[in-house]
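Taken in sequence, the protein lines are chains S and R. Numbered according to this note's numbering, the first sequence spans residues 1 to 442. Numbered according to this note's numbering, the second sequence spans residues 443 to 671.
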Amino acid sequence: MNDFPSTPYKRGKIFAKTGLKVGTNYARHYLDSLRGKPADRASLHRNTAEDMMKEFTRLRGTALKIAQAMSIDQGMLPEEFSRVMSRSQHQVPPIQRALVRSVIRQELGDYPEKIFATFDTKAFAAASIGQVHKATLKDGRKVAVKIQYPGMRETISTDLGLAKALFKRFVAKGSDINPYFDEIRETLLMETDYRHEGETLDRFHARYESDQFTTPVWIPEYSTERVLTMSFLEGDHADPFLERNPTQEERNHYGQLLWDFFHLQVESHAEIHADTHPGNFVLTDDGRLGIIDFGCVKTFPADFFRDYLMLLPTHLKRDEEEILKLYYRLGVLNGDPAKNKREKEYYEFSMNYGFTFAMPYMNDTFDFADPEFAALLKGFTRNVPISNEPRGNRHFLYSTRVHVGLYHLLMKLGATVNIGESRERIERVLHQYEEEAIKAKS
Amino acid sequence: MDKKTENKIKIANAAAALYHKDSRFTYEDLAGEAGLTAKTIRSHFPNRKEIFEFYYEGAFLTYRDLTEKMEDMESYSLAERLSHLLLTLLDLFHEQQGFVEKTYVRVIERQGSSTPFAKHLVREVNQILMDDVEMLHIPSFVYNKATDTAILYHFHGLMRFWVRDHSDANQKTMELIDKWTALAEAVAYSKVGEKSFDFAKFMATNSPFTEVVRKMRAGLKKQSMNRSC
Numbered sequence: 001m002n003d004f005p006s007t008p009y010k011r012g013k014i015f016a017k018t019g020l021k022v023g024t025n026y027a028r029h030y031l032d033s034l035r036g037k038p039a040d041r042a043s044l045h046r047n048t049a050e051d052m053m054k055e056f057t058r059l060r061g062t063a064l065k066i067a068q069a070m071s072i073d074q075g076m077l078p079e080e081f082s083r084v085m086s087r088s089q090h091q092v093p094p095i096q097r098a099l100v101r102s103v104i105r106q107e108l109g110d111y112p113e114k115i116f117a118t119f120d121t122k123a124f125a126a127a128s129i130g131q132v133h134k135a136t137l138k139d140g141r142k143v144a145v146k147i148q149y150p151g152m153r154e155t156i157s158t159d160l161g162l163a164k165a166l167f168k169r170f171v172a173k174g175s176d177i178n179p180y181f182d183e184i185r186e187t188l189l190m191e192t193d194y195r196h197e198g199e200t201l202d203r204f205h206a207r208y209e210s211d212q213f214t215t216p217v218w219i220p221e222y223s224t225e226r227v228l229t230m231s232f233l234e235g236d237h238a239d240p241f242l243e244r245n246p247t248q249e250e251r252n253h254y255g256q257l258l259w260d261f262f263h264l265q266v267e268s269h270a271e272i273h274a275d276t277h278p279g280n281f282v283l284t285d286d287g288r289l290g291i292i293d294f295g296c297v298k299t300f301p302a303d304f305f306r307d308y309l310m311l312l313p314t315h316l317k318r319d320e321e322e323i324l325k326l327y328y329r330l331g332v333l334n335g336d337p338a339k340n341k342r343e344k345e346y347y348e349f350s351m352n353y354g355f356t357f358a359m360p361y362m363n364d365t366f367d368f369a370d371p372e373f374a375a376l377l378k379g380f381t382r383n384v385p386i387s388n389e390p391r392g393n394r395h396f397l398y399s400t401r402v403h404v405g406l407y408h409l410l411m412k413l414g415a416t417v418n419i420g421e422s423r424e425r426i427e428r429v430l431h432q433y434e435e436e437a438i439k440a441k442s
Numbered sequence: 443m444d445k446k447t448e449n450k451i452k453i454a455n456a457a458a459a460l461y462h463k464d465s466r467f468t469y470e471d472l473a474g475e476a477g478l479t480a481k482t483i484r485s486h487f488p489n490r491k492e493i494f495e496f497y498y499e500g501a502f503l504t505y506r507d508l509t510e511k512m513e514d515m516e517s518y519s520l521a522e523r524l525s526h527l528l529l530t531l532l533d534l535f536h537e538q539q540g541f542v543e544k545t546y547v548r549v550i551e552r553q554g555s556s557t558p559f560a561k562h563l564v565r566e567v568n569q570i571l572m573d574d575v576e577m578l579h580i581p582s583f584v585y586n587k588a589t590d591t592a593i594l595y596h597f598h599g600l601m602r603f604w605v606r607d608h609s610d611a612n613q614k615t616m617e618l619i620d621k622w623t624a625l626a627e628a629v630a631y632s633k634v635g636e637k638s639f640d641f642a643k644f645m646a647t648n649s650p651f652t653e654v655v656r657k658m659r660a661g662l663k664k665q666s667m668n669r670s671c
């Protein structure tokens, strides 16, 4: 089986046909909105969203998570929203030092100065539900200690209730936002149990620690439900890396590792690190990709994951018949686009988005520094024509988050990435699914 | 902390643990629990009431000892210092929760401001407030008996919240302390206090009601004098 257009020539032709069309359509749409054309539906939504945002940002940590899950990636909410949200990320107040001490005592049995050889009372990284401190164990190991704000579980439930009430004012009447909120609630509550994260750390470490990748080692003796201690990964995040003015070769190396890590996870189809955020990846001094923060790791149901991956070859081949089937299955469409104007709008938008999304897979290498590609992607998140009606399988929330997050990170790095191997990986996974389906039938 | 105080704290802690198991323990029981002779214990505490009272004072002395050893205390904000005081006391009480739940109201709360614990607590809070650079513009005579009582009442309230807090690892009490001290800091740092004082000072001498109040007071005084005659 080969779902991908087989030769580079074929792929190139499709690229020319679809890419250009998508490009001009959305570039125009994007420019129009920048020039501030007469109030259309989208800008109307934007105003409502701005009002809502002001209230929403008060929810801080939880709001941030919701925004991360919904607005930035899903394109469900306008970009302004995510911009305000990312600003609010920095406003999440640090856990004050007296409280850090008492949390450590409650959880680990004594004050930090008694437990650790050194403990930096100032957090070096903020997470939405906690913060991370540098410390040294008495045996000399350097560690990162993640501490959760007290009462986080209940705060999340209250905040989600409030957020839902706010969202209801914003989304179209009659649309069902419950599945999305359930998905977020489940994920967030899971994130509040740091033991769960510790176990995930163990699994990822066993699976990926190599001369290419590295992940922290969980230290269970110094961990509880609300305190997580792990080995400290030394390395540069994307921003300091870029400040160093790295060569193109270095950028490509970093980018390739990120790209490969994502596709290795796809191929293992067990678990996927679902928080593709620049702060969660470092480039170590010995040139490995360090992956940190395993609070949000998703396992997608097989049928969803298969359909999601199938979007790629079908879009590359422009197989509209298959695409339509997938859209129905994935809940992107609720009716026949040939008969219903609104469904047609959804269909066209999703297909164009899909084409753009599949673009990097067209050739054997892809240059994420291409400004046209960046403009295209931005155009989509900014100009969702249908921004106030949530659609699509709830698992899209995190699958697209990972995927779009990866693209954004690669664009930030300006990396050119080799695609060939990853395409084979996806093919292999799809092939497996097909074999399993045949086996199940017989 | 000197050896004698250390010993006294040790005895008080042993007494607290014992009390939780059996409130009618004897000095001999306590001697066994603390690993000292009954005679030594008696030399420190002539009666049981004093041991219980000292348990609370001891918690405060332990807090002070811990705090003196902390290097970064200087850079703590007002909210952090207040939280540090409250959280540390509760961390210590947590170790003898059964005893504290049964005795706090009787041994501390009902005794008003007369116990050493209450005196230490009030003095410490006042000290934290006065040490704060931002707070220096509030004249020290604002801190008076009324504020002292308010400090005590707030602490009693916190203790009642803590006793009823059944959340995992007392997370709710921690949240309360965090939010309450953050609010206290915000109020203290705002100009509200300064402006209120300024306003009150003006109204005290210029309000038309001042005259009325003075006359009323004079009338009342006259009445009571007449009655006593």
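Backbone N, C-alpha and C define an ideal beta-carbon position, used for all residues, glycine too. Bear in mind that the values here come from a model prediction, so they are computed numbers and not experimental data.
Cβ contact check for the segment 136-155 of chain S and the segment 218-232 of chain S: 3 or more pairs under 8 Å: By the Cβ test, the segment 136-155 of chain S is in contact with the segment 218-232 of chain S, since at least three Cβ pairs between them sit closer than 8 Å.
Three or more C-beta pairs below 8 Å linking the segment 134-142 of chain S and the segment 647-659 of chain R: no
Contact set between residue 121 of chain S and chain R, taken where Cβ atoms lie within less than 7 Å: 514
Where the alpha helix (DSSP H) containing residue 540 of chain R begins and where it ends: In the DSSP annotation of this structure, the continuous segment of the alpha helix (DSSP H) that includes residue 540 of chain R starts and ends at 539-545.
Chain R contact for residue 445 of chain S (CB, 8 Å cutoff): For residue 445 of chain S there is no data in the structure shown, the boundaries of chain S being 1 and 442.
Cβ-based contacts, 9 Å cut-off: residues of the segment 587-619 of chain R near chain S: 609, 610, 611, 612, 613, 614, 615, 616, 617, 619
CB contact below 8 Å: residue 102 of chain S versus chain R: yes
Neighbourhood of residue 119 of chain S by C-beta distance below 7 Å, restricted to the same chain and skipping five residues each side: 112, 113, 133, 135
Length of the line joining the Cα atoms of residue 260 of chain S and residue 422 of chain S: 7 Å
Any C-beta of chain S under 8 Å from that of residue 525 of chain R: Chain S, which has a Cβ nearer than 8 Å to the Cβ of residue 525 of chain R, makes this yes.
Per DSSP, the bridge partner or partners of residue 286 of chain S: None, per the DSSP bridge assignment.
Through-space distance from residue 233 of chain S to residue 31 of chain S, alpha-carbon basis: Residue placement at residue 31 of chain S cannot be trusted, given a pLDDT of 41 that sits under 50; what the coordinates show is reported in the next sentence. The alpha-carbon atoms of residue 31 of chain S and residue 233 of chain S are separated by roughly 43 Å.
Where residue 145 of chain S falls: helix, strand or coil (DSSP): Looking at residue 145 of chain S - three-state DSSP - the assignment turns out to be strand.
Stretch pair the segment 347-366 of chain S + the segment 314-331 of chain S: three plus CB contacts closer than 8 Å: Touching, yes, given that three or more Cβ pairs across the two stretches are closer than 8 Å.
Check: residue 229 of chain S C-beta below 7 Å from any heavy atom of the ligand SAM: Judged by which ligands are present, the structure shown has none, so any question about the ligand SAM falls away.
Beta carbon proximity, residue 127 of chain S to chain R, threshold 8 Å: no
Inter-residue spacing [alpha-carbon to alpha-carbon] between residue 97 of chain S and residue 222 of chain S: 19 Å
Simplified DSSP assignment, three categories, for residue 230 of chain S: strand
Other residues of its chain near residue 310 of chain S: CB distance less than 8 Å, five sequence neighbours each side excluded: 3, 322, 326, 430
Contacts around residue 399 of chain S, its chain only, beta-carbon distance under 7 Å, and the 5 residues preceding and following it disregarded: 300, 308
Length of the line joining the Cα atoms of residue 438 of chain S and residue 424 of chain S: Using only the alpha carbons, I get a separation of about 21 Å.
Under the three-state DSSP convention, the category residue 365 of chain S falls into: strand
4 or more residues per run - each alpha helix (DSSP H) lying fully within the segment 601-671 of chain R: 613-631, 634-648, 650-670
Where residue 16 of chain S falls: helix, strand or coil (DSSP): Interpretation of residue 16 of chain S is limited by its pLDDT of 40, a score under 50 that renders its predicted location unreliable; no figure is taken from the coordinates.
Cβ-based neighbour list, residue 456 of chain R, same chain, cut-off 7 Å, excluding 5 preceding and 5 following: 472, 475, 476
Endpoints, the beta strand (DSSP E) within which residue 418 of chain S is located: Residues 416-418.
Collapsed DSSP secondary structure at residue 344 of chain S in the structure displayed: helix
Contacts around residue 484 of chain R, its chain only, beta-carbon distance under 8 Å, and the 5 residues preceding and following it disregarded: Around residue 484 of chain R: 469.
Straight-line Cα distance separating residue 461 of chain R from residue 450 of chain R: 16 Å
Near-chain S residues of the segment 452-464 of chain R - C-beta to any C-beta below 8 Å: Within the segment 452-464 of chain R, no residue has a Cβ lying closer than 8 Å to any Cβ of chain S.
Top-ranked residue by Cα proximity to residue 401 of chain S, from S:303, S:366, S:153, S:297: S:297
Beta-carbon proximity of residue 538 of chain R to residue 458 of chain R, cut-off 8 Å: Contact: yes.
Contact list for residue 135 of chain S against chain R, beta-carbon separation under 7 Å: The contacting residues do not exist; residue 135 of chain S stays about 14 Å from chain R at best.
DSSP-derived helix/strand/coil call for residue 560 of chain R: helix
Contacts of residue 529 of chain R in chain S (Cβ-Cβ under 8 Å): 98, 99, 101, 102
Limits of the beta strand (DSSP E) - the one that residue 473 of chain S falls within: The displayed coordinates of chain S run from 1 to 442. Any statement about residue 473 of chain S would go beyond what the structure contains.
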